[in-house]
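J.:
Residue numbers (the numbering used here): 157 to 337.
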């Protein structure tokens with residue numbers, strides 16, 4: 157009643173080679189996307205950390221009832237929150253008085269800071285964002301770029317306490333905030 161079926165189960169060498177080629181092709185298409193997302197993740201993480209730094213800077217200005225400037229040191233790729241004084245200071249004196257510090261990732265570059273008052277490059281001495289003693293800041297656009305060419309803009313809005321992260325390079329005058337009433 158039982159018949160013996162003699163079938164061998166397994167894959168031929170040709171089938172295995174075809175599957176390996178398909179896996180290799182799929183991986184070759186997926187790898188650049190994965191690499192790009194890793195760079196983008198560092199860029200978005202930097203933008204998120206910067207938003208946190210802005211929030212802390214506003215809180216520090218309110219707590220100390222003083223005007224502060226969030227300055228960028230291009231040599232060390234570091235943001236420093238420093239109190240504003242009337243006398244001239246060297247960069248070292250400013251750095252010694254810094255309340256908060258945040259360093260950019262190696263793969264991320266600050267490409268510029270735009271404010272209502274001026275438009276500055278990333279390396280000028282005047283690069284910075286001012287915080288009043290009440291924690292308010294001027295409207296500003298802070299531009300970051302990753303090694304892969306991806307860009308992110310952090311847009312600060314005065315009085316609203318809003319910091320938004322926007323994809324790409326968005327100029328200050330291009331930003332339109334609409335409030336629903």
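Ideal Cβ placement from N, Cα and C applies to all residues, glycine included. Note that the coordinates shown come from a computational prediction; the quantities given were computed from them, not determined experimentally.
Starting from the C-beta of residue 297, find all residues in its chain whose C-beta is less than 6 Å away, skip the five residues before and the five after it, and write them out in chain order.
T.: 270, 309, 311, 328, listed in sequence order.
J.: Looking at the strands, I want to know which residues DSSP matches up with residue 323.
T.: Partner(s): 308.
J.: Does the distance from the CB of residue 268 to the CB of residue 221 come in under 7 Å?
T.: No, the Cβ-Cβ distance between residue 268 and residue 221 is not below 7 Å.
J.: Could you check what DSSP says for residue 178 in three-state terms: helix, strand or coil?
T.: In the structure shown, residue 178 sits in a helix (DSSP, three-state: H, G or I).
J.: According to DSSP, residue 173 sits in a beta bridge with which residue or residues?
T.: DSSP lists no partner for residue 173.
J.: By the three-class DSSP mapping on this structure, what secondary structure does residue 288 have?
T.: Residue 288: coil per DSSP, three-state reduction.
J.: Assign residue 166 to one of three DSSP states: helix, strand, or coil.
T.: Note: residue 166 maps to coil in three-state DSSP.
J.: Alpha carbon to alpha carbon, what distance is there between residue 257 and residue 301?
T.: When rounded, the distance between both Cα atoms is 20 Å.
J.: Round the Cβ separation of residue 224 and residue 207 to the nearest angstrom and send it over; I've been treating them as touching at under 8 Å.
T.: In fact, because the Cβ distance is near 17 Å, the residues do not count as touching under 8 Å.
J.: How many Å lie between residue 215 and residue 319 at the Cα?
T.: In a straight line, the C-alpha of residue 215 is about 14 Å away from that of residue 319.
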